[in-house]
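Student:
There are 2 protein chains.
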Amino acid sequence: MTDPNWLDEREQRAWRGFLAVNAAVRGRIARQLQQETGLSSADYAVLVSLSEAPGGRLRVFQLRVAADWEKTRLTHQITRMTARGLVAREPCADDPRGAFVVLTEAGWDAITAAAPRHVEHVRHWFFDALGPEHVDALIEVNEAVTRHLLSASEPCSPCSPCSPSSPGDVPSSCDDVLP
Amino acid sequence: MTDPNWLDEREQRAWRGFLAVNAAVRGRIARQLQQETGLSSADYAVLVSLSEAPGGRLRVFQLRVAADWEKTRLTHQITRMTARGLVAREPCADDPRGAFVVLTEAGWDAITAAAPRHVEHVRHWFFDALGPEHVDALIEVNEAVTRHLLSASEPCSPCSPCSPSSPGDVPSSCDDVLP
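Residue numbers (the numbering used here), protein chains in the order written: chain A, 89 to 267; chain B, 89 to 267.
1. Hey, quick one: how far does the beta strand (DSSP E) through PRO126/B stretch, first residue to last?
2. Using the Cβ count rule (16 or more neighbours within 10 Å means buried), how would you classify ARG145/B?
3. Once DSSP output is grouped into helix, strand and coil, what is the label at GLU208/A?
4. Taking THR167/B as the reference, which of ARG116/B, VAL189/B and VAL233/B has the closest Cα?
5. Under 7 angstroms: does the beta carbon of CYS180/A sit that close to some heavy atom of the ligand PLP?
6. Check distances from the C-beta atoms of the stretch 98-123 of chain A to those of chain B and list, in chain order, the residues that come in under 9 angstroms.
7. If you draw a straight line from the C-alpha of ARG114/B to the C-alpha of VAL223/B, how long is it?
8. Return yes when the Cβ of ILE117/A is within less than 8 angstroms of the Cβ of VAL210/A, no when it is not.
9. For the stretch 184-210 of chain B, which residues have a beta carbon sitting closer than 8 angstroms to at least one beta carbon of chain A?
10. Distance cutoff 8 angstroms, beta carbons only. Does VAL233/B sit that close to anything in chain E?
11. Would you check if there are 3 or more beta carbon pairs closer than 8 angstroms linking the stretch 130-142 of chain A to the stretch 93-113 of chain A?
12. Please tell me whether ALA112/B and LEU226/A are closer than 8 angstroms, where the distance is taken between their beta carbons.
13. Determine whether the beta carbon atoms of GLN329/B and ALA130/B lie at a separation below 8 angstroms.
14. List, in order along the chain, the chain A residues whose C-beta lies closer than 9 angstroms to that of ASP216/B?
15. Based on Cα-Cα distance, which residue from ASN93/B, ALA240/B, ASN230/B and ASP183/B lies nearest to GLN100/A?
16. Can you tell me whether GLY195/A is buried or exposed, with buried defined as 16 or more other CB within 10 angstroms of its CB?
17. To the nearest angstrom, how far is it from the Cα of MET169/B to the Cα of LEU162/B?
18. At least one CB of chain A closer than 8 angstroms to the CB of PRO142/B: is that the case?
19. Quick one, which of ASP91/A, PHE214/A, PRO220/A and LEU191/A has its alpha-carbon nearest VAL136/A's?
20. If we ignore side chains and look at the alpha-carbon of each, how far apart do GLU158/B and GLN120/A end up?
21. Report yes if the CB atom of ARG205/B is closer than 8 angstroms to the CB atom of THR90/B, and no otherwise.
22. Give a yes or no on whether the minimum CB-CB distance between VAL134/A and chain B is below 8 angstroms.
23. Give the secondary structure of GLY186/A by DSSP, where H, G and I count as helix, E and B as strand, and everything else as coil.
24. What are the complete alpha helix (DSSP H) segments, minimum 4 residues, inside the stretch 131-175 of chain B?
25. I want to see whether chain B comes within less than 8 angstroms of LEU146/A, judged by CB atoms only; does it?
26. Answer with yes or no whether the minimum CB distance from ALA225/A to chain B is below 8 angstroms.
27. Taking DSSP as the reference, what is the three-state secondary structure of PRO179/B?
28. Establish whether the CB of LEU127/B and some CB of chain A are separated by less than 8 angstroms.
29. Rounding to the nearest angstrom, what Cα-Cα distance links ALA217/B and PRO184/B in this structure?
30. The alpha helix (DSSP H) spanning ASP224/B covers which residue range?
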């Protein structure tokens, strides 16, 4: 076995900064949002994803893709948000083990009230630090990594279809079974 | 109240990419590391922080700063890692409510075995996507945000001192009480 190809000093700075800055910015925004609205950053991410989906409705695997969470974490998150009335579960017409998550009226109210505060915090903690050249550079880095992740990903295996129970552009997939 | 200053299309791309790319890269590395070593990314982050500290020992608030986690999450994490024998708790000489977390021999073994795999994944999922100009740009963005976060942070309030129970450069602070 060859020796590990450890990161050099410049790579360490880039990698550790990539992790630490992201965590710090998310942490500051999350704490302010929680204090002001009672929503955690996880609540907010789910509400945003649903609010942008047709009919405020997504299958669980779609939320999972958006948030890149482990399935167990997302399942618990949805259970808690359902108990608080922010989202509801709807059965999947074609797949008795599948499910949709849909935004409730209380969920819409919560995201509508929180979004203006959230964007203020994003500007304060993130964009206020950056010049236009930083923003352009960041977009380039993000897109280079995204292309790489997509090209290096395993292909998705085929699975059972599921039509939405109301109109909307919802593709089918597996791995979205709620307990 | 003025209208929210919503992000424009370019800012959206930068902000959403900042969140999504980070989550995706961390997710891929975490899943591989978990499969290969049984360590979660949270385990790994704690082990790395401790392994780099003098004597493999930190007060809890120092781990918290490194990982930018909520206190409850870190407390649970340390409880689980203690039960698995990866870290141990040591009382704080000057503060009966304070505590150190220290790497055990099993913890050293775990991080020593995992680190070469981890760096391989970081190269595969992250650096393989980037040219030198991307790395430089990322460092600049990270450092601009870091400077801004530091200048915008609230000053730390004074609190009770705590000397390390063995030699090492451990500063004092509050907010590191274990249950």
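Note that beta-carbon positions come from the ideal geometry of N, C-alpha and C, so glycine has one too.
Tutor: Reading from the atomic positions:
1. If you number the second sequence from 1, residue 126/B lands on position 38. A quick correction: the sequence has Gly, not Pro, at residue 126/B. It is not in any beta strand (DSSP E) - GLY126/B carries neither H nor E in the DSSP assignment.
2. Residue 145/B sits at position 57 when you count from the first residue of the second sequence. Buried: at least 16 other Cβ atoms inside 10 Å.
3. As a first step, residue 208/A must be located in the first sequence, where it is residue number 120. Three-state DSSP puts GLU208/A in a helix.
4. Your numbering for residue 167/B matches position 79 in the second sequence. Here the closest residue by C-alpha is VAL189/B.
5. The model on display carries no ligand, and the ligand PLP is accordingly not part of it.
6. ARG98, GLU99, ARG101, ALA102, TRP103, ARG104, GLY105, PHE106, LEU107, ALA108, VAL109, ASN110, ALA111, ALA112, VAL113, ARG114, GLY115, ARG116, ALA118 and ARG119
7. Within the second sequence, the letter at position 26 stands for residue 114/B. Within the second sequence, the letter at position 135 stands for residue 223/B. Distance between the alpha carbons of ARG114/B and VAL223/B is about 17 angstroms.
8. For the purposes of this step, residue 210/A is taken as residue 122 along the first sequence, with counting starting at 1. For the purposes of this step, residue 117/A is taken as residue 29 along the first sequence, with counting starting at 1. Cβ distance < 8 angstroms, so VAL210/A and ILE117/A count as in contact.
9. ALA203, PRO204, VAL207, GLU208 and VAL210
10. Among the protein chains of the structure shown, namely A and B, there is no chain E.
11. no
12. Along the second sequence, one-based indexing puts residue 112/B at 24. Along the first sequence, one-based indexing puts residue 226/A at 138. Taking 8 angstroms as the Cβ cut-off, ALA112/B and LEU226/A do not qualify as a contacting pair.
13. For chain B, the structure presents residues 89 to 267; residue 329/B sits outside this window and is missing.
14. What you label residue 216/B is simply residue 128 of the second sequence in a count that begins at 1. Neighbours of ASP216/B on chain A, chain order: HIS236 and ALA240.
15. Taking the first residue of the first sequence as position 1, residue 100/A is located at position 12. The shortest Cα separation from GLN100/A among ASN93/B, ALA240/B, ASN230/B and ASP183/B belongs to ASN230/B.
16. Position 107 of the first sequence, counted from the start, is the residue given in the question as residue 195/A. Counting Cβ neighbours within 10 Å, GLY195/A comes out buried, since at least 16 surround it.
17. To locate residue 169/B, count along the second sequence from 1; it is residue 81. To locate residue 162/B, count along the second sequence from 1; it is residue 74. For MET169/B and LEU162/B, the distance between alpha carbons rounds to 10 angstroms.
18. Here the question's residue 142/B lines up with position 54 in the second sequence. Not one beta carbon of chain A lies nearer than 8 angstroms to the beta carbon of PRO142/B.
19. On the first sequence, position 48 is the one that residue 136/A refers to. Taking only the C-alpha atoms, the option nearest VAL136/A is LEU191/A.
20. In the second sequence, residue 158/B corresponds to position 70, counting from 1. In the first sequence, residue 120/A corresponds to position 32, counting from 1. One C-alpha to the other measures close to 13 angstroms.
21. In the second sequence, the residue the question calls residue 205/B occupies position 117. In the second sequence, the residue the question calls residue 90/B occupies position 2. Not a contact, by the Cβ cut-off of 8 angstroms.
22. Locating residue 134/A in the first sequence gives position 46, counting from the first residue. Judged by the 8 angstroms Cβ criterion, VAL134/A is not in contact with chain B.
23. The sequence position of residue 186/A within the first sequence is 98, counting from 1. It is a strand residue.
24. 148-155 and 159-171
25. Against the first sequence, residue 146/A aligns to sequence position 58. LEU146/A does not count as touching chain B.
26. The sequence position of residue 225/A within the first sequence is 137, counting from 1. Yes, ALA225/A lies at the interface with chain B (some Cβ there is under 8 angstroms from its Cβ).
27. Counting from one through the second sequence, the residue named residue 179/B turns up at place 91. Looking at PRO179/B - three-state DSSP - the assignment turns out to be strand.
28. Along the second sequence, read from residue 1 onward, the residue named residue 127/B stands at position 39. Cβ-Cβ to chain A under 8 angstroms: no for LEU127/B.
29. Here residue 217/B refers to the residue found at position 129 when the second sequence is read from its first residue. Here residue 184/B refers to the residue found at position 96 when the second sequence is read from its first residue. In this structure, the CA atom of ALA217/B is about 49 angstroms from the CA atom of PRO184/B.
30. What you label residue 224/B is simply residue 136 of the second sequence in a count that begins at 1. Taken as a continuous stretch (DSSP letters only), the alpha helix (DSSP H) holding ASP224/B covers 220-240.
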